[in-house]
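Engineer:
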Amino acid sequence: MIVDIFIPCFIDQFYPQTALNMVQLLERAGCGVSYNPEQTCCGQPAFNAGRVDDCKAIGEKFIREFTNDRYIVTPSASCVGMVKNYYPEVFRNSASYNQYKLIHKNIIEFSDFMVNVLRVTELGAKLEAKAVYHDSCAALRELNLKNEARILLSKVRGLKLREMKEQDVCCGFGGTFSTKHPAIASSMAEQKINNALQEDAEIIISTDLSCLMHIQSYASKQAKPVKSMHLIDVLASS
Amino acid sequence: MTKAQEFKQQSEQTAFDTALHHKLQNSIGQYQHKHLRGREQFADLELAKTRASGLKQKVIENLDKYLIEFESNYIKNGGKLIWALNAEEALKEIEIILQKHNINCAVKSKSMISEEIHLNEFLKAKNIDCPETDLGEFIQQEAGERPFHIVTPAMHKSKEEIAELYKQKFGTPAQASPEEITKFTREYLRKKFYLADIGITGANFLIADAGAIAITENEGNATLSVSMPRIHIAIAGIEKIIPSLNDLDLFWPLLATYGTGQKLTAYNSVIFGPRQSHEVDGPTDMYLILLDNGRTNILEQPEQRRALNCIRCGACLNVCPVYTTIGGHAYGTTYSGPIGKVITPLMKGLKEYQHLSSASSLCGKCTEVCPVKIDLHNLLLHNRKEAIQQGLQPKAEKVTWYFWKSAMLSRKKMNKGSAKVKNFMLQTFFKKTWGEHRDLPVVAEKSFNQLMRERTGNR
Chain A
1 MIVDIFIPCF
11 IDQFYPQTAL
21 NMVQLLERAG
31 CGVSYNPEQT
41 CCGQPAFNAG
51 RVDDCKAIGE
61 KFIREFTNDR
71 YIVTPSASCV
81 GMVKNYYPEV
91 FRNSASYNQY
101 KLIHKNIIEF
111 SDFMVNVLRV
121 TELGAKLEAK
131 AVYHDSCAAL
141 RELNLKNEAR
151 ILLSKVRGLK
161 LREMKEQDVC
171 CGFGGTFSTK
181 HPAIASSMAE
191 QKINNALQED
201 AEIIISTDLS
211 CLMHIQSYAS
221 KQAKPVKSMH
231 LIDVLASS
Chain B
1 MTKAQEFKQQ
11 SEQTAFDTAL
21 HHKLQNSIGQ
31 YQHKHLRGRE
41 QFADLELAKT
51 RASGLKQKVI
61 ENLDKYLIEF
71 ESNYIKNGGK
81 LIWALNAEEA
91 LKEIEIILQK
101 HNINCAVKSK
111 SMISEEIHLN
121 EFLKAKNIDC
131 PETDLGEFIQ
141 QEAGERPFHI
151 VTPAMHKSKE
161 EIAELYKQKF
171 GTPAQASPEE
181 ITKFTREYLR
191 KKFYLADIGI
201 TGANFLIADA
211 GAIAITENEG
221 NATLSVSMPR
231 IHIAIAGIEK
241 IIPSLNDLDL
251 FWPLLATYGT
261 GQKLTAYNSV
271 IFGPRQSHEV
281 DGPTDMYLIL
291 LDNGRTNILE
301 QPEQRRALNC
311 IRCGACLNVC
321 PVYTTIGGHA
331 YGTTYSGPIG
341 KVITPLMKGL
351 KEYQHLSSAS
361 SLCGKCTEVC
371 PVKIDLHNLL
381 LHNRKEAIQQ
391 GLQPKAEKVT
401 WYFWKSAMLS
411 RKKMNKGSAK
421 VKNFMLQTFF
431 KKTWGEHRDL
441 PVVAEKSFNQ
451 LMRERTGNR
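Taken in sequence, the protein lines are chains A and B.
Quick note on the numbering used here: the first sequence kicks off at 1 and runs consecutively.
Quick note on the numbering used here: the second sequence kicks off at 1 and runs consecutively.
1. Around the Cβ of Phe148 (chain B), are there at least 16 other Cβ atoms within 10 angstroms (buried) or fewer (exposed)?
2. Tell me the DSSP bridge mates of Glu109 (chain A)?
3. Chain A partners of Cys310 (chain B), CB-CB under 7 Å?
4. Measure the C-alpha to C-alpha separation of Ser11 (chain B) and Ile75 (chain B) and round it to an integer number of angstroms.
5. Check whether the Cβ atoms of Ile231 (chain B) and Ile198 (chain B) lie closer than 8 Å to each other.
6. From this set, A:Ser228, A:Ile58, A:Met82, which residue's C-alpha is nearest Ser406 (chain B)'s C-alpha?
7. Quick one: any contact between the segment 197–211 of chain B and the segment 96–107 of chain B, if contact means 3 or more CB pairs under 8 Å?
8. Taking 8 Å as the CB-CB cut-off, is Leu20 (chain B) touching chain A?
9. Going along chain B in order, which residues have a C-beta closer than 7 Å to the C-beta of Ser187 (chain A)?
10. Give the interface partners of Lys56 (chain B) over in chain A, defined as CB-CB distance under 8 Å, in chain order.
11. Within its chain, find whatever has a CB closer than 7 Å to the CB of Ile343 (chain B); leave out the 5 residues flanking it on each side and keep chain order.
12. Hey, how far is the Cα of Glu368 (chain B) from the Cα of Pro225 (chain A)?
13. Give the list of continuous alpha helix (DSSP H) stretches no shorter than 4 residues that lie fully inside the segment 125–202 of chain B.
14. Please classify Thr40 (chain A) as buried or exposed, where buried requires at least 16 neighbouring CB atoms within 10 angstroms.
15. Do Ile215 (chain B) and Ala222 (chain B) have their C-beta atoms closer together than 8 Å?
16. Is Glu163 (chain A) helix, strand or coil when you go by DSSP?
17. Can you check whether the C-beta of Leu20 (chain A) is within less than 8 Å of a C-beta belonging to chain B?
18. Counting contacts by CB-CB distance shorter than 8 Å, is Trp252 (chain B) in contact with chain A?
19. Is the separation between the beta-carbon of Thr176 (chain A) and that of Pro37 (chain A) shorter than 8 Å?
20. Residues in the segment 295–322 of chain B with C-beta within 7 Å of chain A's C-beta atoms, listed in sequence order?
21. Note down the Cα distance separating Arg275 (chain B) from Gln354 (chain B), rounded to an integer number of angstroms.
22. Classify Thr216 (chain B) as helix, strand or coil using the three-state DSSP reduction.
23. In the DSSP output, what is Gly32 (chain A) paired with across the bridge?
24. Roughly how many angstroms separate the alpha carbons of Lys341 (chain B) and Leu380 (chain B), rounded to a whole number?
25. Taking beta-carbon pairs under 9 Å, can you tell me which members of the segment 23–37 of chain A lie near chain B?
26. Going along the chain, which residues of its own chain have a beta-carbon closer than 7 Å to the beta-carbon of Leu140 (chain A), five neighbours each way excluded?
27. Quick one: is Ser228 (chain A) buried, meaning 16 or more other Cβ sit within 10 Å of its Cβ, or exposed?
28. Helix, strand or coil: how does DSSP classify Gly457 (chain B) here?
29. Which whole-angstrom value is the C-beta distance of Pro345 (chain B) and Ser357 (chain B), which I expect to be below 8 Å?
30. Let me make sure I understand the geometry here. Which of B:Asn268, B:Met228, B:Ile326 has the alpha-carbon closest to that of Val280 (chain B)?
31. Does the segment 2–9 of chain A come into contact with the segment 66–82 of chain A, if we say contact requires no fewer than three beta-carbon pairs (one atom in each stretch) closer than 8 Å?
32. Against Tyr218 (chain A), what residues of chain B qualify as contacts under a CB-to-CB distance less than 9 Å, listed in chain order?
33. What does Lys126 (chain A) pair with, by DSSP beta-bridge criteria?
34. Please name the residues in the segment 149–174 of chain A whose beta-carbon is closer than 9 Å to at least one beta-carbon of chain B, in chain order.
35. Nearest to Ile103 (chain A) by CA position, among A:Val117, A:Met114, A:Pro88, is which residue?
36. Let me see if you follow: with CB-CB separation under 8 Å, is Cys79 (chain A) close to chain B or not?
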């Protein structure tokens with residue numbers, strides 16, 4: 001199966017290795033990976049800031065770049081949530097809507113694709129560590145993904161996964177929220193990290209690098225004995 | 001100081017207050033535990049929520065008709081109805097009633113709308129004694145504080161802190177137990193009930209087909225407030241309508257389960273006007289003040305209008321990580337938490353209050369819990385959109401977005417500049433907004449785009 005991939009702007013710039021790991025995992029699972037190098041962003045930052053016109057301009061570019069009728073695998077539940085749940089509102093009554101309908105059907109978060117489409121859960125990963133899994137709000141509440149990542153992680157040799165307190169509570173990132181209200185956002189990260197540390201976790205794993213970027217940036221500044229890792233990077237460990 | 005600056009200052013003060021966090025976790029933990037049991041009474045909770053949401057939506061979309069239906073039935077029952085456009089008008093009408101009936105002593109049961117119009121401060125200035133008669137509200141009044149939570153006003157106070165407050169105010173023992181505090185308050189307030197000429201209450205529901213108001217409470221104080229004094233004043237927002245008396249069998253359990261975790265609140269009263277000619281007791285006069293105070297601004301917005309479905313159960317506050325991090329007072333508004341962030345900017349103006357719409361990570365827990373299915377986090381987005389459309393955006397932000405947008409519209413532009421330059425830009429422009437608690441993320445030496453182009457040999 002050939003799949004398209006969408007690599008969100010901030011992953012492209014800050015975490016290219018995770019995206020590269022996703023390509024390798026998809027290939028290992030038997031997929032051909034097609035990447036349109038013109039892609040940039042889905043427009044979510046603008047949408048969440050209320051700048052719907054900016055979002056629409058960027059979204060139109062996004063829609064033009066995914067014209068194939070095949071899965072668009074994405075390493076970010078948050079961006080998939082944006083495209084799946086909020087594009088209909090942005091592009092209501094617009095010329096791009098029909099083209100968008102194809103994307104709505106095809107765009108899919110990585111763990112969802114692995115578990116529910118490919119039905120591949122064993123990727124031969126190995127990682128000796130104690131970890132917790134952080135449900136991103138987008139995966140949990142926008143895409144209804146709760147078990148997929150846990151299923152994949154249960155197959156990682158050496159990984160001891162525990163559930164932490166308040167696992168369905170937000171980490172405090174929230175896009176522009178974390179720049180407009182840095183103290184509140186940071187305190188939420190502190191609470192999340194403390195919950196992870198209560199479980200003796202060495203690693204906080206999630207489907208979303210936006211959460212992890214925020215958690216990691218707090219943990220490193222405050223010298224917390226925990227690091228963050230994207231699900232894909234865990235699955236690519238050997 | 002602007003409201004936004006005040007909010008920033010207040011929220012920064014409490015964001016890392018771990019003692020506060022513990023108290024809130026404790027209180028909300030107990031609520032969550034009870035709430036889960038309360039939910040079990042619904043054979044089909046989703047259906048109950050859908051019905052309640054649909055009924056409220058029907059009311060809000062036809063509010064003009066329902067209000068008139070309510071008014072005519074209420075007047076038939078002998079009540080006097082006063083329409084008030086804003087707090088000032090409501091207070092003026094209350095003053096007229098107080099003068100007309102020559103009143104010095106009043107009692108009040110818990111009512112958020114009375115907080116909205118600053119009734120306590122107003123009565124104090126007029127030298128009218130008016131104790132809060134709900135225990136939590138009484139504690140807050142004695143402490144000189146406004147309610148911390150719309151359902152649990154003294155949620156942020158430990159029993160030790162309350163005992164200390166009572167010791168200072170009333171000379172009770174420093175180690176007084178919650179039972180002793182409650183007993184003392186009960187005796188103290190009972191005298192106030194005997195003396196009061198007027199009872200002031202809110203209303204949880206205005207029942208259109210019956211022309212009656214419904215009041216829900218746990219302590220019996222509201223029932224006393226409407227039965228002992230000779231005059232009753234109720235104040236309610238115009239959105240409180242439900243179509244029929246029969247709908248209470250849906251709204252009462254929902255309000256109880258989502259408000260306090262109970263199956264049904266201890267006391268639920270339906271008040272059909274003042275004392276009737278064949279009745280022997282009850283107030284001789286009943287006044288109902290129906291207040292707009294910005295609610296029609298919400299009604300004006302086709303999307304945010306859904307926020308008027310709210311039955312003020314407070315469930316969205318309890319699940320909100322921002323609320324449990326900064327606490328209710330940091331908002332500086334009558335209504336805090338998600339619902340407060342949606343309605344306050346619309347009621348009081350986005351210009352002054354748009355910062356509240358941005359103070360959310362949009363995690364969606366509020367939407368998930370709401371018993372009348374208000375998609376609160378989406379409504380926050382609509383507020384943000386409205387603020388941009390009104391041009392309420394700082395210049396510096398506009399510039400940042402301009403550059404961001406032009407980069408996102410062109411892969412070429414996005415690829416411009418080395419990681420070094422990009423990291424320098426981040427440090428220069430985002431260090432302050434990212435705050436003192438976190439390191440900035442670092443732009444990678446090579447973007448994925450570049451790595452992929454190298455991988456495919458397509459430079």
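All C-beta atoms, glycine included, are put in the ideal place defined by N, C-alpha and C.
Structural biologist: Result, derived from the coordinates:
1. Flag for Phe148 (chain B) reads buried.
2. Answer is A:Thr74, bridged to Glu109 (chain A).
3. One finds nothing in chain A with a Cβ atom closer than 7 Å to the Cβ of Cys310 (chain B); even the nearest lies about 20 Å away.
4. Each residue's alpha carbon lies about 46 Å from the other.
5. Going by C-beta atoms, Ile231 (chain B) is nearer than 8 Å to Ile198 (chain B).
6. Nearest C-alpha to Ser406 (chain B): A:Ile58.
7. The segment 197–211 of chain B makes contact with the segment 96–107 of chain B; the number of CB pairs closer than 8 Å reaches 3 or more.
8. Taking Cβ atoms only, chain A never reaches closer than 8 Å to Leu20 (chain B), which makes this a no.
9. Residues of chain B passing the Cβ test: Ala15, Phe16, Thr325.
10. Per Cβ cutoff of 8 Å: no residues; Lys56 (chain B) is ~22 Å from chain A at best.
11. The answer, listed in chain order, is Ile298, Ala307, Tyr335.
12. Between Glu368 (chain B) and Pro225 (chain A), the C-alpha separation is close to 33 Å.
13. Counting only runs of 4 or more, we get 135–143, 159–170, 178–195.
14. Classification for Thr40 (chain A): buried.
15. For Ile215 (chain B) and Ala222 (chain B), yes; Cβs fall inside 8 Å.
16. Three-state DSSP puts Glu163 (chain A) in coil, outside helix and strand.
17. Chain B, which has a Cβ nearer than 8 Å to the Cβ of Leu20 (chain A), makes this yes.
18. For Trp252 (chain B), the answer is no, since every Cβ of chain A falls outside 8 Å of its Cβ.
19. Not a contact, by the Cβ cut-off of 8 Å.
20. Within the segment 295–322 of chain B, contact with chain A at the beta-carbon level (separation under 7 Å) is assigned to Pro321, Val322.
21. A straight line joining the alpha-carbon of Arg275 (chain B) with that of Gln354 (chain B) spans about 46 Å.
22. In the structure shown, Thr216 (chain B) sits in a strand (DSSP, three-state: E or B).
23. DSSP, once it has assigned bridges, lists A:Ile2 as partnering Gly32 (chain A).
24. The alpha-carbon of Lys341 (chain B) is positioned some 7 Å away from that of Leu380 (chain B).
25. Going along the segment 23–37 of chain A in chain order, one finds Val23, Tyr35, Pro37 with a Cβ nearer than 9 Å to chain B.
26. If we look at Leu140 (chain A) and ignore the five residues flanking it on each side, its Cβ neighbours are Lys146, Asp168.
27. Answer is buried; the Cβ neighbour count reaches 16.
28. It is coil, neither helix nor strand.
29. Yes, they are in contact, since the Cβ atoms of Pro345 (chain B) and Ser357 (chain B) sit about 5 Å apart, within 8 Å.
30. Among B:Asn268, B:Met228, B:Ile326, the Cα nearest to that of Val280 (chain B) is on B:Met228.
31. Output reads yes: the segment 66–82 of chain A touches the segment 2–9 of chain A.
32. Within chain B, the residues near Tyr218 (chain A) are His437, Arg438, Asp439.
33. Residue pairing from DSSP places Lys126 (chain A) in a beta bridge opposite A:Arg157.
34. When CB distances to chain B are screened at a threshold of 9 Å, the residues of the segment 149–174 of chain A falling below it are Glu166, Asp168, Val169, Cys170, Cys171, Gly172, Phe173, Gly174, in chain order.
35. It is A:Pro88 whose Cα lies nearest to the Cα of Ile103 (chain A).
36. With respect to chain B, the C-beta atom of Cys79 (chain A) has no partner C-beta closer than 8 Å.
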